[in-house]
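Here is the structure we will look at.
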Amino acid sequence: MPDESAWGKSRGLDPALPPYPLVRHLLDAAAMALHLWDSYLSENQRLRIADGMELAGAGEKARAVVGLCAGLHDIGKLSGFQFCSRHGSDHLSPGLAAGRTKMSAERVGHDVAGLQAAEEVLEALGLAGDGELEVAQRLAEVIGGHHGRFHRVEYGIAPAFLGDAAWAGERVAHAAAVYEALGRPQAPEMFAAPAAVLVTGVVILADWLVSQDDYLRRRQRALEPTLPEHFRRSQEDAPRLLEAASLARVRLRRKEFAEAYGIRGEPNPLQRSVMDELRAAVGAGQRGGIVLVTAAPGDGKSETALEAERVMSEAFGTEGYAFLLPTMATSDQMHLRVTKTLLRQSGEDAGLTLVHSMAWLNSAYADEDLETQTVLTCDGDELSEGGRRAEADMRPQRWLRGSKRPLLAQFSVGTIDQALMAVLPVRHNALRLLALSGKTCIVDEAHAYDPYMQVLLGRLLNWLGAYGVPVVLLSATLPASVSDRLIKEYLQGTGCHAKSALRKRTFPAPYPGWLYVDGETGRATPISDARRHEQSQTRRMKLDVVVEPVVHGVAGGARSRMTVIERLLKPVGEGEGGTALVVCNTVGDAQETYLRLRERFDRRSHRQGGDVQLLHARFPGDVREARTREVTDGLGRGGPRPPRRIVVATQVVEQSLDLDADIVISDLAPLSLLLQRAGRCWRHENHWTRHGYPDGRGRPAWADAPRLVVLDPIAGGGQVPVRWGEVYSEHLLTTTSRTLKGISGGTIAIPDDVPVLVEAVHGDSEGFQWDSPGDHEAKAWTAHKGKEMAERSMAGLRAVPRAWSVAELHDLHHLPGEEDEWELSTRLGADSVRLLCVYAQENGRATLDPEGSQPLPEAAPGGKMPVESVRAVMRRTIPVRADWLREADPDSLAPLESWTEHPMLGELRVLRQVVRGGSVQTVKVGGTTLSLDEDLGLVRK
């Protein structure tokens, strides 16, 4: 029998009682892992794990192995770990306490100790014979990775730390108790790395769920008399713990198309083709598949994707979906749409969550979602008190009750970054892969990612292919070369296709339409010609494209950018009215443009309900959410539509926002993005023609055709404005300018011309006219290609290996150091932090508002804070580039001391703006100043 004086949990529990016995915690984790197998994992995940153990058709055996991994995860605590807590070590039996001096001479993580000791324990159980040694090593890797980071098997620790023969016997006794409770499971014949990664994710999640402080204190106070009784109680408790974490699965009652999406009328030909034809294309596939949907903006790709998900989830055994988008703003909008869709299908209890770094600002979350509950993992008990222990304590809280929980839910909507972290060597990447592999993954706006992110996306698709996860890629302007690479990465991940064979194939996608590629066979099935032609006819449109040469700055006369914009908007602001969208390339340009147009056409500000509105990403969360809602309400399909409205915005409106303007005016941008912006022009014309315009009022007489006006600083011999910096490649801007100049008749036929134009600017052609190899354009081309290659190389170096190239699990953490998520970025040069702008009042108080009526709330010990206070703070934060604050004194931007232990507030940077004589002062940060203007947002000069 195991010695129950060996403790598993101590810190944070009732000090008047003995610590929680280790063997009981191991049994808790094993019971939870079994329940996760039964109720959390999808059928597809169970199949992939069983296949990886060569236990196909023997799911119960694979289930028991998963339970064993969870049940042994903390076996490394039977070591010098037992002496890192005075309260814990004081309750050790005399036989165990005798090792105090020798075993506590050094500190080693108990996860590393578990990795080192596991093989010996497994051998004692008869699970590590000669033929099973490789499998035993893999099991040891899983046990050693339960804190989210894999270690090398050969990492050595001092033998004294593991203790003498008595301690070795105790490890075997604890393991035997788990082994017996699980029915003496057999070791598998093999244990492939991808399957082991998923099992590690299950172990981590099981450990956290049974380590929540309320649960442990309850069990500590009433221990069952025997271990079998304890295990039965743990099995009974597991469903309640999973449900309390909002991770229990729900079944949707699928509805007909119009009812499911709240859309008047029938599905369009593209949507109908997926409903009628995709099921036959998928057939009886066994290893997942990938479908690429290509169509112009406004063609209903989101609903098409959800219909594809319905078909593919049923075929491949996934439950729920992850809808991944390029930006926080688009994620917020999609979250609202998906919420309504789920509610229409009786998904009130569905775990739908928003996944991005600012998700907690969204008003869709109930206050109870912000409750924090400590998870006592002992990750950090080996550390001394201080910042590193606090960070270790907060990791699980961020997953179960904090900023990272959403990815684990059955339905999640969020930024692609949260998924790409799964293929970077960051802590808990195994947990991210577990979260994604049970769902169908939908990647929206697949064209919106730079070469660095494309490589990471390809690597993610490789792992999803290995897990047989169905994938839907959506794009209006994806170059054929990029889509080809992504599809091949997925197919390579399935393990069914040789790289040499894939190199000889191409996967051309019809436009508009879809292409389905089966993971196992590689068979490609396109939309039928009839449906594709029908969709083309339904959405056919002639877009007028007007290029206006402009000069940035105060000079330029009639060609001054602002003079041109004012001239173009005169019919809206002073004439018949109507709606216009002005898209700027930088927040600074948007702020200046808004101020000028407000002065010219309507002195009232956006906040005062003026006709000129401003939207960008540098507003506090609550303001950005409100402004996005105002803009989408005014320019949305349902109306009411304002008599006159000018919206000045940045790139936040070019993707996934359902807007319709009478005219779109845009700064020069790469052609694919101009087409995205143009997709907000006359977006709902076909629908309104059939069903009537909002309020019965049509478009103004001056808006006689859909029109995109491009403000081109290059046309006429100019150059890219210096203030644009590296927002876009100069080569792409120059090529776009030249391509627009060559458009016949000044019109683009949508959708027919789109693929040709996209390939002309963004295609993979290596050709370049070297007539003048030293001229400016040639240098821009060289810089563009060099940057592209550098980004791809950097991503290749940072990303984890492809799924079937992993030899040891440590390969998933191949970079040196103890990096957490914040140390590796999914976007080059775009590491971001959350900034809270507060006001330092003359009386010494810090407040959330300039008037001084909302004092900053203090947190109680342990980071506890009322949920309404957390929301009040978090909804005032703004995402900013981390390098903006690099030159600042870290202490000047530190959060309140009482916030440091809170899983969300502890991550903030705080900008303290002095209020003097009722006036808010700017704050100097390095060579710039920052200030929060209530109408303009965060201003940086």
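The working numbering applies: residue 13 is where the sequence shown begins, and numbers increase by one.
For each residue, glycine too, the CB sits at the ideal point set by N, CA and C.
Under the Cβ criterion (8 Å, minimum of three pairs), the stretch 252 to 260 does not count as touching the stretch 294 to 301.
Under the three-state reduction of DSSP, residue 590 is assigned to strand. For the options 469, 217, 287, the alpha carbon positioned closest to that of residue 808 is the one of 469. By the Cβ test, the stretch 220 to 238 is not in contact with the stretch 190 to 198, since fewer than three Cβ pairs between them sit closer than 8 Å. Here residue 858 carries a strand assignment [DSSP, helix/strand/coil].
Excluding the 5 residues flanking it on each side, residue 86 has same chain C-beta neighbours closer than 8 Å at 20, 34, 37, 38, 41, 122, 126, 158, 219, 390, in chain order. Under the DSSP assignment, residue 211 falls in the alpha helix (DSSP H) whose first and last residues are 205 to 221. In this structure, the straight-line span from the alpha carbon of residue 909 to that of residue 917 is close to 10 Å. Counting along the chain, the unbroken alpha helix (DSSP H) around residue 541 starts and ends at 541 to 550.
Between residue 660 and residue 308, the C-beta spacing is not below 9 Å. Contact between residue 335 and residue 429 is ruled out by a C-beta separation of about 14 Å, above the 8 Å threshold.
It is roughly 22 Å from the alpha-carbon of residue 186 to the alpha-carbon of residue 114.
Fewer than three pairs of CB atoms, one per stretch, sit closer than 8 Å, so the stretch 611 to 621 makes no contact with the stretch 559 to 567. By the Cβ test, the stretch 791 to 800 is not in contact with the stretch 442 to 458, since fewer than three Cβ pairs between them sit closer than 8 Å. Rounded to whole angstroms, the separation of the alpha carbons of residue 315 and residue 273 is 7 Å. In the three-state DSSP reduction, residue 693 falls in the strand class (E or B). DSSP places residue 851 inside the beta strand (DSSP E), whose first and last residues are 844 to 852. Ranked by how close their Cα comes to the Cα of residue 223, the residues 340, 633, 254, 208 have 254 in first place. Of the residues assessed, residue 522 falls on the buried side of the cut-off, its CB having 16 or more other CB atoms within 10 angstroms. By a beta-carbon distance limit of 8 Å, residue 81 contacts residue 215. Their separation comes to about 5 Å.
Within the same chain, Cβ atoms closer than 7 Å to the Cβ of residue 213 are found at 442, 443, 445, 446, the five residues on either side in sequence being excluded. Bridge pairing for residue 658: 592, 624 [DSSP].
Under DSSP, residue 893 forms a beta bridge with 844. Here DSSP, grouped into helix, strand and coil, assigns residue 123 to helix. According to DSSP, residue 554 shares a beta bridge with 761. The beta carbon of residue 202 is closer than 7 Å to those of 65, 66, 147 in its chain, skipping five residues each way along the sequence. When the alpha-carbon of residue 138 is set against those of 179, 188, 116, the nearest one is in 188. Taking the CA atoms as reference points, residue 866 sits about 11 Å from residue 853. Beta-bridge analysis with DSSP links residue 733 to no other residue.
The shortest C-alpha to C-alpha distance from residue 550 to any of 702, 537, 481 is the one to 702. With a 10 Å radius around the Cβ and a threshold of 16 neighbouring Cβ atoms, residue 477 comes out buried. Bounds of the beta strand (DSSP E) holding residue 538 are 536 to 538. Per the C-alpha coordinates, the member of 811, 579, 789 positioned closest to residue 750 is 789.
Under the three-state reduction of DSSP output, residue 714 falls in the coil class, being neither helix nor strand. When the beta-carbon positions are compared, residue 461 and residue 210 stay at least 9 Å from each other. In this structure, the straight-line span from the alpha carbon of residue 420 to that of residue 217 is close to 9 Å.
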